[in-house]
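Enquirer:
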Amino acid sequence: MLSQKSTVLVLVAAVALLSPGQARAPASQRAVAEDAGDTEPPMVTETDPKYKIPDNFLIGAGSAAYQSEGAWNKDGKGESVFDHYYHSGSFATNMTGDIACNTYERFEEDMKLAAEMGLNSFRFSIAWTRIFPDGDINNKNEKGVQYYHNVIKAIKAHNMKPVVTIYHFDHPQALQDKFGGWLSDQMIQSYTDFADFVFSEYGTEVEYWLTLNEPNLHCLMMYNGGLAPDIPKAQRTSQNVYKCIHNEILAHAAAYRLYERKYRKDQGGRLGIGAVTFFARPNSTKWDDILAAERANYFEMGLIIHPLVFGEYPDVVRETLARAGKLDHLPTFTDAQKREIKGASDFFGINSYFGMTVADPNKGGHSSTSNSSVLAFGVGPRSENNVTIIANGDSNDPQPDLSNDIFGRFNPWVLRDMALWMKARYGPVALLITENGMASINEDSLDDWDSRAVYHSAYLRGMMQAVNDDGANYIGYCMWSFLDDFEWSTGYTRNFGLVHVDHKNGTLDRTPKRSSHFFKRMMKDRSVPLVLPSRSADTSAAGPAAALPSALTVLLAAALSLLSHDSS
């Protein structure tokens, strides 16, 4: 009889041989494209049930306070770590979020536009310093409190559901100065007090809460010197990356348990945490490459999700660090903390833009320089996962990029593969895609049909296949971002928006891009249409990878799940 390892390899090899690299779209997708007319570009109306959007499924767009609100010191708002960071450095005025998209004054206009696109939800974050300017819960800013009441009211007035992020990187500078922010255990209580107020003030109007946005990327970037606050070089260590992640997990769990005790019975909301993933798949069917992909995924979103399901960091992470003599980099949970964090999430928010193909670094893999700015960091989990990222355009991933930016990478397999990976390891946990989108650099044109519309169509079709064919427990999708907003180190030059904002001339006028027609059609039909690039009527160019079943991932996930169960 074959060993379990041999069985996995045989299954994977067979699927790899049978799966074509390219394929013509199935007959159900080769319908004649409808006439675009004066407004709507070419799309294929979809009748295949695998692309149907379930009832009560959230489809929305996202924003974050510092990236879109502006009004950085208006009406009593205090200084956040980002205000301090950008004002202390040598950043030009147009490279800060001081004005951003001015959604502080134009949010009603934005909600009207979102509703006209047919969206049924809208994600935004609360600026901590707009409510508590210096982080002191006894120093409340009433104008800031009322502002978010107004935002929630506007969202609901347009029949959309608010998805509210309590913390999106921008804590008060006063708390950073006082005790060092997320490196201090005191931050856990400060955050919990803030969350307590937010629940008490807005909880009757909000069903979906995201406690913190992607601690795994937030902490990684902070302690590699790429994000506010400006961490001294002596503190940019792997130990501090993990400590920051550790404290954010504990803060999430504290807020979750508080909500359970005080608010759930009367408010009935659902709480999750956000994790970023550049989901990895193996470069080959070799066992070493398969294990490399496992390490990459456990060192990424597994650092956040695994403790909240099982009460402990993944064994894969601990064993990899131990082999490298670095286990002391990773903090440990006390028994009481393990009980607190285990099961402390109603859903998981996932921020996913593109995937990566990885190999074992000791088995002939080669590094990618094109990914280094986003995927490679000097300290922290990505420098210690013992993985090599394979260069763009490898044989496993023939899809072309859609823009001149790393966030133009086109990997529509990720939402299906990732859901199968999650299901095999964590069971039927609820997943909400809280960010998914593509960007171009200096995108002035409103015609993003052959890029953004193609991207969202392919990714959403893969997502619906995961739901309807594979039984994935996706509950919603928030594209990133609704507006062309401020994007951290790239300012206003990296454009993700569904809506163009005139930053160049300073008017901040909003103009929906051509891709908005895709969302209008999709929400009208309640099914994900196949987008036809305007330069070609051949549906095979629109993303056959999204239509192909990801059998390799299905078999691999099932086999690895069996192995993990048998070894436990």
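In mature numbering (1 follows the signal peptide of the UniProt record, and there is no 0), the protein residues as written are -23 to -1, 1 to 545.
Just so it is clear, CB atoms sit at the ideal spot from N, CA and C, and this is done for glycine as well.
1) Ordered along the chain, which non-local residues of its own chain (more than five positions away) have a Cβ less than 6 Å from that of HIS223?
2) Determine the burial state of PRO31: buried for a count of at least 16 other Cβ atoms within 10 Å of its Cβ, exposed for fewer.
3) Please report the Cβ distance between GLN150 and PHE463, rounded to the nearest whole angstrom; I am assuming they are in contact, meaning their Cβ atoms lie under 8 Å.
4) Smallest Cα separation from PRO506: which of VAL406, PRO209 and SER434?
5) Which residue or residues does DSSP assign as beta-bridge partners of THR22?
6) Look at the Cβ atom of THR214, then the Cβ atom of VAL58, and state whether they are nearer than 7 Å.
7) From the DSSP output, read off the bridge partner residues of ALA38.
8) Using alpha carbons as the reference points, say which of LEU280, ARG234 and GLY37 lies closest to THR254.
9) Once the 5 residues before and after LEU298 are set aside, which same chain residues still bring their CB inside 8 Å of it?
10) What does the alpha-carbon distance come out to for the pair ALA430 and MET456?
11) Buried or exposed for HIS126, please, with buried defined as at least 16 other CB atoms from any protein chain shown within 10 angstroms of its CB.
12) Excluding the 5 residues preceding and the 5 following ASN79 in the sequence, name in chain order all residues of the same chain whose CB lies nearer than 6 Å to its CB.
13) With the cut-off set at 7 Å, would you say MET333 and LEU379 are in Cβ contact?
14) Pick helix, strand or coil for ALA433, following the three-state DSSP scheme.
15) What is the DSSP secondary structure of VAL508, reduced to helix, strand or coil?
16) Using 8 Å for Cβ pairs, my map puts LEU409 next to LEU35. What's the rounded Cβ distance?
17) Give me whichever residues DSSP pairs with ASN472 in a beta bridge.
18) Identify the continuous beta strand (DSSP E) that holds ASN328 and give its terminal residues.
19) Around the C-beta of THR411, are 16 or more other C-beta atoms found within 10 angstroms, so that it is buried, or is it exposed?
20) Measuring CB atoms only, is the segment 439 to 450 touching the segment 467 to 486, in the sense that at least three cross pairs come out at less than 8 Å?
21) Hey, how far is the Cα of ASP113 from the Cα of TYR185?
22) So, is LYS490 buried or exposed, given that buried needs 16 or more other C-beta atoms within 10 angstroms?
23) Measuring CB to CB, does ARG100 end up less than 7 Å from VAL140?
24) Give the range of the alpha helix (DSSP H) segment to which GLU412 is assigned.
25) I need the straight-line Cα distance from VAL218 to PHE171, nearest angstrom please.
26) Could you check where the beta strand (DSSP E) with TYR144 kicks off and where it finishes?
27) Excluding the 5 residues flanking MET72 on each side, which residues of the same chain have their C-beta closer than 6 Å to its C-beta?
Expert: Let's see:
1) PRO308
2) exposed
3) So it is not a contact: roughly 18 Å between Cβ atoms.
4) SER434
5) In DSSP, THR22 forms no bridge with anything.
6) no
7) PHE99 and MET456
8) LEU280
9) LEU304, HIS306, LEU307 and GLU361
10) 12 Å
11) exposed
12) GLY47 and LEU485
13) no
14) Residue identity check: residue 433 is His in the sequence provided, not Ala. Helix.
15) strand
16) 7 Å
17) SER417
18) 324 to 329
19) buried
20) no
21) 26 Å
22) buried
23) yes
24) Careful: GLU412 lies outside any alpha helix (DSSP H), inside the beta strand (DSSP E) at 408 to 412.
25) 23 Å
26) 138 to 144
27) GLY468
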